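The next block holds one structure in the form of structure tokens; read it before the comments.
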Amino acid sequence: MSIGLTHYLVLSAVLFCIGLYGALTRRNAVIILMCIELMLNAVNISLIAFSSYIVPQLLTGQVFAIFVMVVAAAEIAVGLAVVLAIFRHFSGIDTNDINLLKW
Amino acid sequence: MGLEFAFWIMAVVMVGAAFAVLYLRNVFHAALALVLCFIAVAGIYVTLSADFLAAVQILVYVGAISVLIILGVMMTREVQKGNPVNKMRLPAAIVAVVLLGILVYVVTSTPWGISTQDPLTPTTMPLATKLFSENGFILPVEIGAVLLLAAILGAIVIIREKKK
Numbered sequence: 000m001s002i003g004l005t006h007y008l009v010l011s012a013v014l015f016c017i018g019l020y021g022a023l024t025r026r027n028a029v030i031i032l033m034c035i036e037l038m039l040n041a042v043n044i045s046l047i048a049f050s051s052y053i054v055p056q057l058l059t060g061q062v063f064a065i066f067v068m069v070v071a072a073a074e075i076a077v078g079l080a081v082v083l084a085i086f087r088h089f090s091g092i093d094t095n096d097i098n099l100l101k102w
Numbered sequence: 000m001g002l003e004f005a006f007w008i009m010a011v012v013m014v015g016a017a018f019a020v021l022y023l024r025n026v027f028h029a030a031l032a033l034v035l036c037f038i039a040v041a042g043i044y045v046t047l048s049a050d051f052l053a054a055v056q057i058l059v060y061v062g063a064i065s066v067l068i069i070l071g072v073m074m075t076r077e078v079q080k081g082n083p084v085n086k087m088r089l090p091a092a093i094v095a096v097v098l099l100g101i102l103v104y105v106v107t108s109t110p111w112g113i114s115t116q117d118p119l120t121p122t123t124m125p126l127a128t129k130l131f132s133e134n135g136f137i138l139p140v141e142i143g144a145v146l147l148l149a150a151i152l153g154a155i156v157i158i159r160e161k162k163k
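Top to bottom, those sequences are chains A and B. For the first sequence, the residue numbers in numbering that gives the first Met the number 0 are 0 to 102. For the second sequence, the residue numbers in numbering that gives the first Met the number 0 are 0 to 163.
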């Protein structure tokens with residue numbers, strides 16, 4: 000059985016769901032950021048798989064993946080700044096203790 | 000044959016490293032597992048004949064983002080406390096498994112219009128033409144530059160110590 004588009008999409012779905020589960024359950028904010036990066040990578044895999052199987056000569060999916068990487072870099076920079084600010088304020092980054100916006 | 004072999008190795012390494020990110024007790028080890036996962040994703044890109052993106056993946060994710068994350072791990076000194084889970088474990092697992100089931104069902108039952116052409120290689124020059132040409136993606140590239148500038152400035156403003 001040769002490798003096709005379905006294999007890549009299922010792999011991407013598996014990685015996305017692992018990242019989703021981690022982002023929903025972990026209490027360490029840095030681990031949550033890592034899981035978000037996993038999810039963005041999963042999306043990139045599916046974009047590039049679509050690009051090279053559906054429109055092999057156009058590369059549109061790869062251009063999209065580049066923009067996803069740009070946004071991921073911006074996200075991780077701001078996210079870590081927020082995490083460090085939270086750490087300074089609460090002296091910890093356990094998300095159970097962060098309840099400033101909880102009413 | 001070689002491509003299939005490479006795909007399965009990369010897929011197993013990738014999923015294993017992703018689970019290691021979740022289940023390793025030490026946060027620093029989890030960050031290293033994340034780096035391994037990024038490298039495996041770069042290998043997946045190579046099997047998809049996206050050579051430029053594989054290089055960018057190594058440079059941006061393995062090089063830059065992992066350094067930022069390890070810096071975050073070290074700055075927050077939470078390594079000793081391990082990797083605790085919250086109370087939403089079972090609902091989150093149900094949500095993730097149901098979403099995975101739906102995605103796999105949709106992916107396997109959709110008739111994809113697979114093209115018979117071979118993918119373009121090498122991709123660097125066509126990508127540059129697409130990104131920077133007149134009718135290409137030059138406006139999104141400029142917006143991406145502004146976004147990165149705004150993110151850098153925002154990170155500096157958020158992280159700055161307040162002067163008393």
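Even glycine gets a Cβ: it sits at the ideal position worked out from N, Cα and C. Keep in mind that this is a model prediction, so the values were computed, not measured.
Taking 8 Å as the CB threshold, Leu-98/B lines the interface with chain A. The Cβ of Gly-1/B sits no closer than 8 Å to any Cβ of chain A. Bounds of any alpha helix (DSSP H) do not take in Gln-56/A, whose DSSP letter is neither H nor E. Within chain B, the residues placing a beta-carbon under 8 Å from that of Ile-75/A are Ile-64, Leu-67, Ile-68, ordered along the chain. Rounded to whole angstroms, the separation of the alpha carbons of Val-94/B and Leu-19/A is 9 Å. DSSP places Asn-40/A within a helical segment (H, G or I) once states are collapsed to three. DSSP, read as helix, strand or coil, puts Arg-159/B in coil. Nearest Cα to Gln-61/A within the set Ile-155/B, Ala-150/B, Pro-125/B, Gly-143/B: Pro-125/B. In this structure, Ala-73/A keeps its C-beta atom at 8 Å or more from the C-beta atom of Leu-67/B. Note on Thr-46/B: 16 or more other CB atoms within 10 angstroms of its CB, so buried under the neighbour-count rule. Put simply, of Leu-14/A, Ile-2/A, Asn-27/A, Met-33/A the residue whose alpha carbon is nearest the alpha carbon of Leu-102/B is Leu-14/A.
Rounded to the nearest whole angstrom, the CA to CA distance from Gly-91/A to Val-156/B is 20 Å.
Residue Gly-143/B holds the alpha-carbon nearest to the alpha-carbon of Phe-63/A among Gly-153/B, Gly-143/B, Met-13/B. The DSSP-derived three-state label of Arg-25/A is strand.
Where Met-124/B is concerned, the enclosing alpha helix (DSSP H) starts and stops at 123-131.
For Gly-135/B, no alpha helix (DSSP H) run applies, since DSSP gives it neither H nor E. Within chain A, no C-beta atom comes nearer than 7 Å to that of Ala-19/B; the closest sits roughly 10 Å away.
With three or more CB-CB distances shorter than 8 Å, the segment 32-39 of chain B counts as touching the segment 12-21 of chain B.
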